[in-house]
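Per the numbering used here, residue 251 is the first one in the first sequence, and the count goes up by one each step.
Quick reminder that beta carbons are idealized off the backbone N, C-alpha and C, glycines included.
Since we're looking at a predicted model, the values are computed, not measured.
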Amino acid sequence: MAKLVSEFYVLDVDHITGSNNEAIIRIFGVSDDGKKIVALDPNFTHYFYVTLKEGVDAGVFEEKLKKIYVREGERIFSVIKTEKLRKNYLGREVSAIKVYVNHPSAINKISDEIKKIEGYLDKNEFDIPFSKRYLIDNEICPLTKVRITGEEIDKKNYNVDYLVVIEKIENINGEMIKNPKFLAFDIETYSPRGDIKSNKNKIMAISVFSNYGEKKVFISKKLDGYDYIESFESEDKLIRRFIEYIKKESPDFLIGYNSDVFDFPYLRSKAMEHKISLNIGLDNSQLKFVKHGLYSAARIKGIIHIDLYHFIANVISNTLKTETLDLDSVAREILGYGKVKISWSEMWKIWENGGKDLVKICEYCLRDSELVEKLSEKFLPLMFEITKLVAQPLFEVSRMKFSQFVESYLIKEVKKFNELIPNRPDKDEVEKRKRKTYMGAFVYQPSPGLSENIVVFDFRSLYPSIIVSHNVCPSTINCYCCRGDGNVTPEIGEEKRRYWFCKKRKGIIPSILESLIERRSRIRKIMKEVKKGSSEYIILDARQQALKTIANSMYGYLGFARARWYCLECAESITAWGRSYITSVIEEAKEKGFDVIYGDTDSIMIALKDKTKEDAINFLEKINKKLPGMVLLELQGFYERGIFVSKKSEIEHGAKKKYALIDEKGEITIKGFEYVRRDWADIAKETQAKVLEMILKNKDVDGAMDYIRGIIKKIKNNEVPLRKMAIYTQMTKEFGDYASMGPHVVAAKKASDRGYKIGPGVLIEWVVTKGVGKISDRATLLEEAIEKNLTYDPDYYIKHQIIPATKRILEALGYSFEEIEGKQTRLGGFIEREEKNEGR
DNA sequence: CGAGCCCGGGG
DNA sequence: GTGTACGGGCTCG
């Protein structure tokens, strides 16, 4: 076959092992005209570093190192080359040896042998995966264009247009993929009794919706007469067709919502049941679940499977108003429309009845895919830009959290500083780090409760500004060269500790951060020249967001127990400076006669009272003239009314804001009241929502209090329907496997003894009934309680549901935690008062 | 108090 | 075949 020069966008990278136990990099890509390519690069050698004890003869060490090999059956793992180097390591210079190995897995196999060599100090960078090392060292970035020279070979069993062996590879100006093919998909399963875990039930339908005009529903029952619906008489035919369809379409991105945890596991288990191979990989390999922290991620070779839920939960959620991240809520907020409304019980009845109504299930299913595709169009630009920054495969990036973005970015960037990457902490170290806390942000709270006519100021990127302005970095802290001088922190803690940061050498983290910030402001300038809403604008906007995301995560990263560049003293110094800036602004505001009602971390809220908006803006301008360097205060907005929560001290780092505001348009912003989970009874959720609304919209505090009193009274008088008291908990294992019998387990066990069929995956609806003993003794299945005409335990629901759900709001209105939960509770007061009133 | 367990998303 | 992984809150014991 012929020599070939080819240009394509990198989609994914991994490696395979050749017949001589050599590791071969494998790149999956797509060209401008949509042709798929697999490119094999056998020319890259994996390596790691060994650092040496002081005074050790590196030459002698190196000679011993070179001879190391381990034999395992037919395979030999060995050192193939070494280099003596000086590397920077957190502000020091160290003597290191770069060790090249014949295969990535050799590192593990030979490391015990290396440890035995006299003078060994540590190994570094041994856990940087081969394919990532390849990307970093060759400055290749997923989603961008590369040019390769190579030889085309026989495609073997690859489902692609070309298979090439690379001779040379280079990136082309970071040119970004132009028209990627997105295909969203969704499955609907038959699930009577709310049992969605057990895979015994059939897949009813699978839908797909693309960004290039495809929309289809496959259904496993007879239904004719719709051109977008393909009907099959059985589930296995449905699955076979779906696989065939994916192979034919070969989308670049296959996108689901919670598909790592639901759609793909379900699909795979059904495929196994029918003995169907889910071989949708471009190398004809089967869909695989790879460990990704707590859960498994579904990986398809060559097609990037994105589970959009992760990105929304990990990255987008704090910018959303919705507290729950189900597809319907997220779509409503972002797209303005949501899922098709069909209740679960309706759904399986439609299925059982069959006939024409089945189209409702198809419509429902298709809408889900449509929402996922539309949401992808909104969020993938940001995901793509983050991918470009961290230069890691999108499969991983789409599942990462902020600290992982930072770490990946640092790993890529420190190369420019000849800096050795620190090792990841082991379990014990993580535990040790987690036990240490430090003083977090400043929270100012002189007047909790309800306020009106509010102006909010924010420090622009406070923590990043501090890091850069004061050169905060694990490589510059308490440096020898600036003893007694340096950038000295404010006093920290009761013992009035101070640290200092180097004034002579710029640290790696401040340098990297500063260039992130500079790049971002350059982009923001360009954006002003570009038409809003144009595709160029959207890309630039995503780019500046990506830069901001990483910049803003740097502080949190330094205090993150699993971080390679963890530095508690750095994090502590940053919050110390932060506290000193915000307190000085608050002092100044008070001096000028402003009524400061709330301050938290980097924001200050002021009730205007007799002052005007202009006064506020003038104050802002004066303050900014005094602030040093990059530190800048900005106007965030004006609000009509707000509830502020009292918190006396804030020890945790990254203090959370806890307030609810309503702006001049009637929009409510809620921060920090997080009680919208399914393990809360409806009554608690409803009460919370109602109370917030009454206070913010109508300023009706008394009404809200009355409302809570009313609910408590209703609960006491047994007037609340049992259904609203139900708490939902899932069985995750068999009864015998539970070490401790939580309430839902006891409830389920009781029901099971009475003949209910209950196993792992079943959602238990339980209530706490009246009586004596532990909660679990009184936990009963809702159905059983209704049947037996049992009554709920008012005490439990007041203390464990209503109070916690409204606690923070009450606190905000001057009712403290202790008053509510202590013996002499104010709510106790409510109740007693009620009773007295009634008695009168 | 620590240990154990569950939540999230999905039907 | 490269390598890890969440964080918060409740209940039991």
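With 16 or more other Cβ atoms from the protein chains shown falling within 10 Å of its own Cβ, H265 counts as buried. In this structure, DSSP gives V1022 a state outside helix and strand, which the three-state scheme calls coil. Linking H994 to V706 through their CA atoms gives a straight-line distance of about 45 Å. In the three-state reduction of the DSSP assignment, W827 falls in the helix class, which pools H, G and I. H353 is not bridged by DSSP to any residue. Membership of L882 in any alpha helix (DSSP H) is not indicated; the residue belongs instead to the beta strand (DSSP E) covering L882 to F894.
Cα atoms of L883 and E627: separation of roughly 33 Å, rounded to the nearest angstrom. Cβ-Cβ distances below 8 Å link N407 to D533 and N534 in the same chain, with the five nearest sequence neighbours on each side left out; the list follows chain order. Distance between I469 and N508, taken at the CA atoms: about 21 Å. Out of L797, Y978 and I1053, the CA that lies nearest to the CA of F634 is found in L797. In this structure, the beta-carbon distance from I419 to D282 does not fall below 8 Å. CA-to-CA, the gap between A1035 and T1019 works out to about 8 Å. Taking the Cβ atoms as the reference, A252 lies roughly 6 Å from E402, within the contact range of under 8 Å. Per DSSP, the continuous alpha helix (DSSP H) segment holding H994 begins and ends at P993 to D1003. For I776, same chain residues with a beta-carbon under 7 Å away, outside a window of 5 residues either side, are L790 in chain order. Beta-bridge pairing by DSSP links L1013 to Q980. Each of F751, A273, K782 and L660 was checked against the Cα of E819, and the nearest Cα belongs to F751. Its chain contains D510, S648 and R649 as the residues whose beta carbon lies nearer than 8 Å to that of H560, once the 5 sequence neighbours on both sides are disregarded; these appear in chain order. Contact between I505 and V622 holds: their C-beta atoms lie close to 6 Å from each other, under 8 Å. For F514, the enclosing alpha helix (DSSP H) has its first and last residue at D513 to E523. The Cβ atoms of G400 and E417 lie closer than 8 Å to each other. Scanning its chain for C-beta atoms nearer than 6 Å, with the 5 sequence neighbours on each side dropped, one finds around E702 the residues R891, in chain order.
Counting only runs of 4+ residues, the alpha helix (DSSP H) found wholly inside the region 657-701 occupies 677-685, in chain order. With respect to the C-alpha of R748, the residue from T572, L885 and A826 having the closest C-alpha is A826. Contact between the region 824-844 and the region 724-735 is absent: fewer than three C-beta pairs spanning the two stretches fall below 8 Å. Residue pairing from DSSP places L302 in a beta bridge opposite Y370. Between the alpha carbons of G531 and R491 lies a gap of roughly 16 Å. A Cβ-Cβ separation of about 33 Å leaves F810 out of contact with A839 under the 8 Å criterion.
Counting only unbroken stretches of 3 or more residues, the beta strand (DSSP E) elements lying wholly within the region 828-862 are 845-850 and 853-857, in sequence order. Contact between the region 651-667 and the region 589-596 is absent, with fewer than three C-beta pairs closer than 8 Å. Taking all protein chains shown into account, P442 has fewer than 16 neighbouring C-beta atoms within 10 Å of its C-beta and is therefore exposed. N429 and K875 have their C-alpha atoms roughly 47 Å apart. For the pair L877 and A801, the Cα-to-Cα distance works out to about 20 Å. The DSSP-derived three-state label of D708 is strand. When C-alpha distances from P971 are compared across K1000, I364, V1017 and Q938, the shortest belongs to V1017. In the three-state reduction of the DSSP assignment, M426 falls in the strand class, which pools E and B.
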